[in-house]
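Have a look at the structure below, then the notes.
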Amino acid sequence: MSKKALIIGTLILTTANFVTKFMGFFYRVYMAKAIGTEGIGLYQLILPIYMLTWSITSSGFTTTISKLTAQEKAKGQYGNIRRILRQSIAMCLCISIFISCVIWLGSNFIAIEILKESRTALSLRILAFAIPFMSFGSCIRGYFFGMQNTAVPALSQVLEQLVRIVVIFLISATFVPYGLAYACAAAVIGIVFGEIISFLFVLLCYLRDKKKKKHHSKPYFSRMQAFTLITTMAIPLTATRITSSLLSTIENILIPQRLELYGLSGSEAMSTYGQLTGMAMPLLMLPSALLMAISVSLVPEISEASAIRHTEKISRTVSATILFTSIISIGAGTMFAIFPKEICYIIYNSSELGDILFCLSFICPFLYMQMTFSGLLNGLGEHFFLFRNNIISSLITISFIYFLMPTFGVSAFLIGWFCSLVSTTYLSIRKLLSRTNISISLMETFIKPLMAGVASGLIVRYLIQISEPSKILFIMTLFLMFLLYLVFLLVLGCLKKETFSLIRG
5 MSKKALIIGT LILTTANFVT KFMGFFYRVY MAKAIGTEGI GLYQLILPIY MLTWSITSSG
65 FTTTISKLTA QEKAKGQYGN IRRILRQSIA MCLCISIFIS CVIWLGSNFI AIEILKESRT
125 ALSLRILAFA IPFMSFGSCI RGYFFGMQNT AVPALSQVLE QLVRIVVIFL ISATFVPYGL
185 AYACAAAVIG IVFGEIISFL FVLLCYLRDK KKKKHHSKPY FSRMQAFTLI TTMAIPLTAT
245 RITSSLLSTI ENILIPQRLE LYGLSGSEAM STYGQLTGMA MPLLMLPSAL LMAISVSLVP
305 EISEASAIRH TEKISRTVSA TILFTSIISI GAGTMFAIFP KEICYIIYNS SELGDILFCL
365 SFICPFLYMQ MTFSGLLNGL GEHFFLFRNN IISSLITISF IYFLMPTFGV SAFLIGWFCS
425 LVSTTYLSIR KLLSRTNISI SLMETFIKPL MAGVASGLIV RYLIQISEPS KILFIMTLFL
485 MFLLYLVFLL VLGCLKKETF SLIRG
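Here it is in structure tokens:
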């Protein structure tokens, strides 16, 4: 891997993530106007099932292919790479076709008995068609990540989101008049077409890449050895993702049900659920595009360094990543804490979500940290640790939802989520310290960025209060906050010449 590969790959993925997230916001804003918060709540009930099918059919294989491809590429064993990819695709297709049949045939049972919402049955049957394309495409993306060619997965991500937006825009007017069940189905049709087009794109890119490189070396290991290697790595990863997705699904199913016990009507509970999970949370995740890109890029980066026992490189990468994550997450958190209502007004033309976003701002740094730690620990092979961490996190959150939400409402979920993230972040930091030769300074890594974020935010808060409020002015003041944040980071010594050299390395 070249010296600048990580930062180039991260920049490509960051650009794609930002483009995709902004496109996704236009998509959600349009959906909110077209089907309302109750309709978004209905759609949000489908998404955990979608993510669960992805976890079963694709998640572990994508990371496995990425890691094994990077390792075999470092050794020059391109024949092994082809065998790994083909074996993985065959396994994924078998699993995905089976899961599609289960979703299709069991749609009514899942909708009525599990989701407790009969209007989702049609959407589940439509969703079943997307699963094989999602699985096949994920395998090829894993190959490109392992080859450090992040442009193809990044472009496929943008293309998939674009197709979703175009489809929902074209068909929503036809489906919405028939009720929320059909409105939700229109959004799921967008998911299906997005997966199909994205799959065709990465497949064409792979065939072109294969023709261009023309590596004719024979595989070093047999099909059975490849199968064993893949399953040994993919099964723990898949189990981790399945457990995480399953527990997340339980969380999402319980929230509207427990809100009804809190005293809300069925419609009010679904609307509140839609506001929380379909509007406020995606807004919270918007600045995380850079960290999501870093997390994906870190797996092959650290895997390759680990394969050749380059411990110094691993330590440098981990140190730079933790510092960068802290700076971004604390900056985003202070922005959401100081300007919650203004940000919601800019995005959704309504400040009603401001109170929820303010509470979520305290969760933001820990949530962002966990994204990056996931990439670091995956690269170090700590799959079982992540599996255990996900279980701990979800069980804490579910406990708060089940026992306290009927009494305290949405606040119980927010407090539970905060406690779960604080716990898993602490455990992740301890594990990284034990696996790498790094030391983390509380002052340099956390307190100084927090001081910079609070100072820049309060200055801009004062400026916006003495000016005539407007969307354009507010966007300008947010940009000013960003510049002031950088200045304070430099003054406090958080960003130095050595830091940038570390990141480039």
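All you need for the working numbering is the position in the sequence shown, starting with 1, plus 4. For each residue, glycine too, the CB sits at the ideal point set by N, CA and C.
Name the residue from the options whose alpha carbon lies nearest to the alpha carbon of residue i.
i, options, result
"T247", "T338, S398, V426", "S398"
"I442", "V170, S323, Y352", "S323"
"F22", "E264, L159, L327, C209", "L159"
"I69", "S176, L490, I93", "I93"
"T19", "L295, W421, M339", "L295"
"Q48", "T124, I103, R86", "T124"
"V162", "F102, I463, A177, F26", "F26"
"L364", "I331, T178, M285, R262", "M285"
"C423", "I396, A273, S249, F137", "I396"
"P136", "I195, R262, E272", "I195"
"R439", "F404, P453, L381, L490", "L381"
"L477", "M151, I350, F450, K452", "I350"
"P453", "W421, A416, L499, S111", "L499"
"P52", "L250, I367, V464", "L250"
"T232", "M447, F65, Y489", "F65"
"F328", "T57, A78, S63, I444", "I444"
"T321", "A190, A134, F412, L384", "L384"
"T281", "I44, A416, L211", "I44"
In or out: residue i buried (at least 16 other Cβ within 10 Å) or exposed?
i, result
"C105", "exposed"
"S226", "exposed"
"V414", "buried"
"V495", "exposed"
"G267", "exposed"
"P181", "exposed"
"S122", "exposed"
"G461", "buried"
"Y466", "exposed"
"G509", "With a pLDDT of 47 at G509, under the threshold of 50, the modelled position of this residue cannot be trusted; read the value that follows with caution. By the neighbour-count rule (16 or more Cβ atoms within 10 Å), G509 is not buried but exposed."
"E502", "Any reading at E502 must be qualified, since the residue scores a pLDDT of 47, below 50, and its modelled position is unreliable; the value itself is stated next. Answer is exposed; the Cβ neighbour count stays below 16."
"R145", "buried"
"N353", "exposed"
"A456", "buried"
"C98", "exposed"
"L72", "buried"
"E356", "exposed"
"R87", "buried"
"V333", "Residue identity differs from the one stated: residue 333 is Ser in this sequence, not Val. So S333 counts as buried."
"T178", "exposed"
"S271", "exposed"
"I479", "exposed"
"M289", "buried"
"G80", "exposed"
"K77", "buried"
Does residue i come out as helix, strand or coil in the three-state DSSP assignment?
i, result
"I332", "helix"
"N153", "coil"
"N441", "coil"
"L357", "coil"
"F140", "helix"
"S275", "helix"
"S474", "coil"
"L496", "coil"
"E42", "helix"
"L490", "helix"
"K435", "helix"
"L148", "Here the sequence assigns Phe to residue 148, which means Leu is not the residue at that position. Note: F148 maps to helix in three-state DSSP."
"I367", "coil"
"E386", "coil"
"F343", "coil"
"K120", "coil"
"G457", "helix"
"G183", "coil"
"G413", "coil"
Task: alpha helix (DSSP H) runs wholly inside the region 204–272, at least 4 long, in chain order - done: Those alpha helix (DSSP H) runs which fall completely within the region 204–272 and span 4+ residues are 227–266.
- [ ] Take every Cβ of the region 109–121, pair it with every Cβ of the region 251–268, and state whether three or more of those distances are shorter than 8 angstroms.
- [x] yes
Task: Stretch-stretch touch, CB-based, cutoff 8 angstroms, three pairs: the region 236–244 with the region 384–404 - done: yes
Open item on the list: As an exercise, report each continuous beta strand (DSSP E) stretch of at least 3 residues that is fully enclosed by the region 34–110, in chain order.
Closed with: none
Open item on the list: Under 8 angstroms, with one C-beta from each stretch per pair, do the region 183–203 and the region 139–153 reach the 3-pair mark?
Closed with: yes
Task: Validate contact between the region 417–434 and the region 367–379 using beta carbons, cut 8 angstroms, 3 pairs - done: yes
Task: Cβ pair count under 8 angstroms reaching 3, the region 32–41 against the region 171–179 - done: yes
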